[in-house]
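Note sheet for the following structure.
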Amino acid sequence: MSLTVEERLDRIEQLLRGQKNVLNFSEACDFTGISPSYMYKLTHNARIPHYKPHGKNVYFLREELEQWLLQNPVRTAEQKDREATEFVLRKRRPR
12 MSLTVEERLD
22 RIEQLLRGQK
32 NVLNFSEACD
42 FTGISPSYMY
52 KLTHNARIPH
62 YKPHGKNVYF
72 LREELEQWLL
82 QNPVRTAEQK
92 DREATEFVLR
102 KRRPR
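In structure tokens, the structure reads:
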């Protein structure tokens, strides 16, 4: 199962991209898994942090993309049950 030279170069490029702090548009799409058309929509509506230093090219900070991807966490069923139990216990306490 040997890889071709082209496949090996692609893997190396992906590893190098993983070390960059500033990503261009296509790298940001690859990093987030978001399609280019949706990424354009997000940048147009200022829904994702991005930079346009010369008014044309769009750049992203990896750290900001990671934070953006992790916003609005979904609570697990266990967390919801625990919160419900705590809420009921607080309501039962005499004032």
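Residue numbers (my numbering): 12 to 106. Yeah, the Cβ is synthetic: ideal placement off N, Cα and C, and Gly gets one too. Since we're looking at a predicted model, the values are computed, not measured.
Residue closest to residue i, alpha-carbon to alpha-carbon, out of the options
i, options, result
"L80", "E17, L26, F42", "F42"
"Y62", "T96, S48, A39", "A39"
"R58", "Q82, P64, H65", "Q82"
"G66", "L76, T54, E77", "T54"
Boundaries (first-last residue) of the alpha helix (DSSP H) holding residue i
i, result
"V85", "Careful: V85 lies outside any alpha helix (DSSP H) and carries neither H nor E."
"L53", "47 to 55"
Run of the beta strand (DSSP E) containing residue i, from where it starts to where it stops
i, result
"L72", "70 to 72"
"L34", "33 to 35"
Within 9 Å, strictly: CB atoms of residue i and residue j
i, j, result
"K68", "N32", "Note that residue 68 is Asn in the sequence shown, not Lys. For N68 and N32, no; Cβs fall outside 9 Å."
"R86", "E94", "yes"
Take every Cβ of the region 88 to 102, pair it with every Cβ of the region 66 to 77, and state whether three or more of those distances are shorter than 8 Å. No, the region 88 to 102 is not in contact with the region 66 to 77.
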